[in-house]
Amino acid sequence: MQLSRVMIVTTLAMLAFAGNSLLNRLALLDTDIDAATFTSIRMLSGAVMLWWISTWKNSSQHTEGNWPSALALFIYAAGFSFAYINLSAATGALLLFAAVQTTMLGYGLWQGERLTTIQWLGFSLAIGGLLGLLLPGVSAPPLLGSVLMLAAGIAWGIYSIRGKTAVDPVLATTGNFLRAVPFSLALSFLMLGSMSLDWTGVGYAVLSGAIASGIGYVMWYSVLPALQATTAATVQLSVPVLAAIGGVFFLGESISIRLFLASSAILGGIALVLSKKG
């Protein structure tokens, strides 16, 4: 794949990932759709889009995936949606990203990987930034939303770890999305009493599932073979930044001093850890 195409597709994929935060926050902030319904529509539309792409790519292939990974995907999506009821787009994306990377780094350590002194410094800096963000105070994000987003990040980290063994990531993601739909519908059924439909909110959910998730994941997987592992991990540092910029311009959100300092510590710390990864 040509370098210029890799750069363009990578940029579009990162914009899609940041777009998920903006679309979810926008739907729950400006429309009447409830978080459970948003999750179900996002999973269903993502499954349909991925199934269509998989069929178009190779109609003879069956989808892959498994139920444990689908459950992790559902926990991520549900926690993501419910957290954005009261988290800003920037804070949510930062907490999600920090939890994902910390989970994957923790798994690597558990598997016997060793960090250099600089990497331990970076890891400590990132954890310190996360704790600083969550400490009680006027500018601290809501506790429940923070816990839900951290849980979503851990689930996505687990999903990513399990996905490393997938033969075809697109087919595996398709199968996992399809399997996650029943979990999402069950959640919506349990919360039927608080169900609220809003057609604008439904539109945002479809865009989040079909475009930002479905097509976004396909674009990302298409460029991964052309990127070094370190580059692939580091480029994702842009997602919270893009979400923060989008939150300011499209949602009228502000960036607090606490969020700015915590972001610098978390993203800088993770960059140090990833700097020695191959």
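Under our numbering, the first residue of the sequence shown is numbered 188, with each subsequent residue one higher. Every residue gets a Cβ at the ideal spot worked out from N, C-alpha and C, and that includes glycine.
Spatial neighbours of residue i within its chain, please: CB distance less than 6 Å, with the 5 preceding and 5 following residues excluded, ordered by chain position.
i: Q288; result: I457
i: W343; result: Y263, V287
i: R349; result: S256
i: S425; result: M201
i: F310; result: V460
i: S450; result: L281
Is the distance from the Cβ of residue i to the Cβ of residue j below 7 Å?
i: A214; j: F225; result: yes
i: G403; j: A277; result: no
i: D219; j: M382; result: no
i: V389; j: I228; result: yes
i: G279; j: M230; result: no
i: L210; j: L429; result: no
i: M378; j: A223; result: yes
i: L292; j: Y346; result: no
i: A359; j: G206; result: no
i: G401; j: L237; result: yes
i: E251; j: G362; result: yes
i: F370; j: G233; result: no
i: G357; j: Y408; result: The amino acid occupying residue 357 in the given sequence is Val; Gly does not appear at that position. Yes, Cβ-Cβ distance for V357 and Y408 is below 7 Å.
i: S333; j: L322; result: no
i: G175; j: A373; result: Here the chain comprises residues numbered 188 to 465, so residue 175 is not present and cannot be evaluated.
i: V193; j: V368; result: no
Spatial neighbours of residue i within its chain, please: C-beta separation below 7 Å, excluding the five flanking residues on both sides.
i: I453; result: L281, A285, A313, G316, L317
i: S208; result: A276, G279, A280, A430
So residue i and residue j are in contact, right, with Cβ under 8 Å, and what is the actual spacing, rounded?
i: S275; j: G434; result: 6 Å
i: G340; j: L283; result: 4 Å
i: V405; j: T197; result: Rounded, the Cβ-Cβ distance is 13 Å, inconsistent with contact.
For chain D, check one thing: does any of its Cβ atoms lie closer than 7 Å to the Cβ of residue i?
i: N207; result: As a matter of chain content, chain D is missing from the structure shown, which is built from one protein chain.
Between which residues of its own chain and residue i is the CB-CB distance below 8 Å, once the five residues before and five after are set aside?
i: W254; result: R366
i: Y391; result: L210, N211, L213, A214, T218, I220, F225
Within the stretch 267-337, ranges of the alpha helix (DSSP H) (whole runs, at least 4 residues): Fully enclosed alpha helix (DSSP H) runs of 4 or longer: 276-297, 304-321.
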